[in-house]
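Positions in the sequence shown are counted from 1; adding 287 to them yields the numbering used here. Here a beta-carbon is modelled for each residue, glycine too, at the ideal position from N, C-alpha and C.
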Amino acid sequence: MSRTRTERLVNLVICLLSTRRFLTAAQIAATVPGYEHDPDDARDHEAFQRKFERDKAELRELGVPLETGTASVFDSEPGYRIARREYALPDIPLEPDEAAAVGIAARLWQHAGLAAAASSGLAKLRAAGVDVDPQATLGLEPMVTVDPAFAPLTAAARDRRVVGFDYRVPDQDAPTRRRLEPWGVVCWRGRWYVVGHDLDRDATRCFRLSRVVGSVRVTGEPGAYEPPAGVDLISHVARWSGPVERTGRATVLAASGRAAGLRRWAVEIVTGPDGDRLVLPYADPESLAGHLVGYGPDVRVLDPPEVREAVIQRLKEIATRHDDLATAGGTR
Numbered sequence: 288m289s290r291t292r293t294e295r296l297v298n299l300v301i302c303l304l305s306t307r308r309f310l311t312a313a314q315i316a317a318t319v320p321g322y323e324h325d326p327d328d329a330r331d332h333e334a335f336q337r338k339f340e341r342d343k344a345e346l347r348e349l350g351v352p353l354e355t356g357t358a359s360v361f362d363s364e365p366g367y368r369i370a371r372r373e374y375a376l377p378d379i380p381l382e383p384d385e386a387a388a389v390g391i392a393a394r395l396w397q398h399a400g401l402a403a404a405a406s407s408g409l410a411k412l413r414a415a416g417v418d419v420d421p422q423a424t425l426g427l428e429p430m431v432t433v434d435p436a437f438a439p440l441t442a443a444a445r446d447r448r449v450v451g452f453d454y455r456v457p458d459q460d461a462p463t464r465r466r467l468e469p470w471g472v473v474c475w476r477g478r479w480y481v482v483g484h485d486l487d488r489d490a491t492r493c494f495r496l497s498r499v500v501g502s503v504r505v506t507g508e509p510g511a512y513e514p515p516a517g518v519d520l521i522s523h524v525a526r527w528s529g530p531v532e533r534t535g536r537a538t539v540l541a542a543s544g545r546a547a548g549l550r551r552w553a554v555e556i557v558t559g560p561d562g563d564r565l566v567l568p569y570a571d572p573e574s575l576a577g578h579l580v581g582y583g584p585d586v587r588v589l590d591p592p593e594v595r596e597a598v599i600q601r602l603k604e605i606a607t608r609h610d611d612l613a614t615a616g617g618t619r
């Protein structure tokens with residue numbers, strides 16, 4: 288399935304989940320990106336109908352409970368919606384590493400442009416007078432962004448195209464020019480890295496995306512190289528970054544019986560009437576904060592201030608992005 292069709296199907300699901308009423312094919316065409324066409328052009332409209340029929344069949348094959356019906360007895364044209372009671376999943380408990388994997392998927396989704404397209408689609412529904420439930424797709428809205436170099440580097444690795452970029456390292460004042468055959472982009476210890484063959488050094492190298500300065504320049508034709516078979520990108524990054532020295536100690540208050548992942552990580556646990564105090568070793572307050580916010584209200588940082596402030600800042604960023612999405616969705 289092509290990326291364009293995948294995005295269209297996801298936006299169709301978001302659209303049909305966001306309202307309890309049946310939406311006609313014409314309303315869907317005017318709302319969901321990818322269905323734009325001229326309804327007065329017979330050939331163009333026929334192409335839309337074929338596309339829409341294929342997409343409906345695809346959703347049903349994937350197990351999406353797509354219903355057909357009308358909003359009232361006076362409606363002559365059938366509409367479509369997704370039965371939430373059949374589509375919703377039960378609560379799924381996730382371990383911290385599993386939750387991190389879900390978070391990575393959400394970041395990929397956001398940079399693929401799906402979140403913006405979904406918000407645009409919901410705004411169109413509201414403008415058309417359709418009652419939209421803003422809570423219906425909260426689980427589909429990623430709240431974490433990635434580095435600006437992420438999108439061009441992942442695209443270049445997918446298309447096997449050479450890239451050039453300026454890269455800054457801590458012990459040098461000025462960035463240096465790098466040329467790379469990217470093999471892939473991975474997340475390691477809360478940071479994004481690209482791994483590939485450095486053309487100037489004729490060796491395997493990995494680069495932290497947050498240190499890329501300016502824009503990534505894509506050169507050459509697609510399919511210009513082939514990565515080594517079975518290459519383990521994470522292992523390359525792990526060897527390059529070396530072991531993490533967790534010399535810091537943070538004390539957090541965890542609700543009784545909660546935060547099992549943190550309890551396995553803790554070097555000391557003291558039980559108290561208001562919860563359990565866990566002492567956690569850490570190397571970087573930002574990385575630790577990113578880990579702690581995943582536990583929500585079950586965990587509160589007591590000490591040190593740098594970790595507490597890092598968590599507060601993360602939560603403020605999440606709240607701001609929620610507000611931005613809500614504002615975008617309410618724009619008419």
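Residue i - DSSP class collapsed to helix/strand/coil
i: Tyr582; result: helix
i: Arg292; result: helix
i: Gly559; result: strand
i: Phe339; result: helix
i: Ala553; result: coil
i: Gly451; result: strand
i: Leu565; result: strand
i: Asp328; result: coil
i: Glu468; result: strand
i: Ala546; result: coil
i: Thr306; result: coil
i: Ala344; result: helix
i: Leu589; result: strand
i: Lys603; result: helix
i: Arg492; result: strand
i: Val518; result: coil
i: Val473; result: strand
Where the beta strand (DSSP E) containing residue i begins and where it ends
i: Asp485; result: 478-485
i: Arg445; result: Here Arg445 belongs to no beta strand (DSSP E); instead the alpha helix (DSSP H) covers 437-446.
i: Thr355; result: 353-356
i: Val500; result: 499-506
i: Tyr512; result: Careful: Tyr512 lies outside any beta strand (DSSP E) and carries neither H nor E.
i: Ala541; result: 535-541
i: Gly366; result: 366-369
Exposed unless 16 or more other CB atoms sit within 10 angstroms - verdict on residue i
i: Ile301; result: buried
i: Val521; result: The amino acid occupying residue 521 in the given sequence is Ile; Val does not appear at that position. That one is exposed.
i: Glu294; result: buried
i: Leu303; result: buried
i: Arg347; result: exposed
i: Asp563; result: buried
i: Val594; result: buried
i: Ser363; result: exposed
i: Ser497; result: exposed
i: Glu333; result: exposed
i: Ser305; result: buried
i: Val557; result: exposed
i: Ser339; result: Rather than Ser, the amino acid found at residue 339 in this sequence is Phe. Buried: at least 16 other Cβ atoms inside 10 Å.
i: Ala312; result: buried
i: Pro560; result: exposed
i: Pro572; result: buried
i: Leu310; result: buried
Neighbourhood of residue i by C-beta, 8 Å cutoff - its chain only, sequence neighbours within 5 removed
i: Pro439; result: Val450, Ser502, Val503, Val505
i: Ala525; result: Trp475
i: Gln600; result: Ala576
i: Val500; result: Phe452, Asp453, Tyr454, Arg455, Pro462
i: Arg495; result: Arg478, Trp479, Tyr480
i: Ala491; result: According to the sequence displayed, residue 491 carries Thr and not Ala. So the list reads Val482, Gly483, His484, Asp485, His523, once near-sequence residues are dropped.
i: Leu567; result: Arg536, Ala537, Thr538, Val539, Leu549, Trp552, Ala553, Val554, Leu575
i: His324; result: Ala316, Asp331, His332, Ala334, Phe335
Expected contact under 8 Å - CB spacing of residue i and residue j to nearest Å
i: Thr441; j: Val472; result: 5 Å
i: Leu540; j: Leu589; result: 6 Å
i: Trp479; j: Asp434; result: 6 Å
i: Ile315; j: Leu299; result: 7 Å
i: Glu507; j: Arg448; result: In the sequence on display, residue 507 carries Gly and not Glu. The pair is a contact, with the Cβ atoms about 6 Å apart (cut-off 8 Å).
i: Val580; j: Val554; result: Wrong, their Cβ atoms sit about 21 Å apart, outside the cutoff.
i: Ala546; j: Tyr582; result: 5 Å
Other residues of its chain near residue i: CB distance less than 6 Å, five sequence neighbours each side excluded
i: Arg341; result: none
i: Leu486; result: Arg466
i: Ala443; result: Val450, Pro469, Val505
i: Leu565; result: Val539, Ala541, Leu549, Ala553, Ile556
Limits of the alpha helix (DSSP H) - the one that residue i falls within
i: Thr318; result: 312-318
Any non-hydrogen atom of the ligand COA within 7 Å of residue i CB
i: Thr293; result: The model depicted lacks the ligand COA and carries no ligand whatsoever.
C-beta neighbour in chain B for residue i, strict 8 Å
i: Asp519; result: Reference to chain B is not applicable here, since this structure consists of a single protein chain.
Neighbourhood of residue i by C-beta distance below 7 Å, restricted to the same chain and skipping five residues each side
i: Leu265; result: Not covered by the structure: residue 265. The range shown for the chain is 288 to 619.
i: Pro514; result: Trp470
i: Ala542; result: Gly562, Asp585
i: Arg464; result: Gly451, Asp453
i: Gly510; result: Arg447
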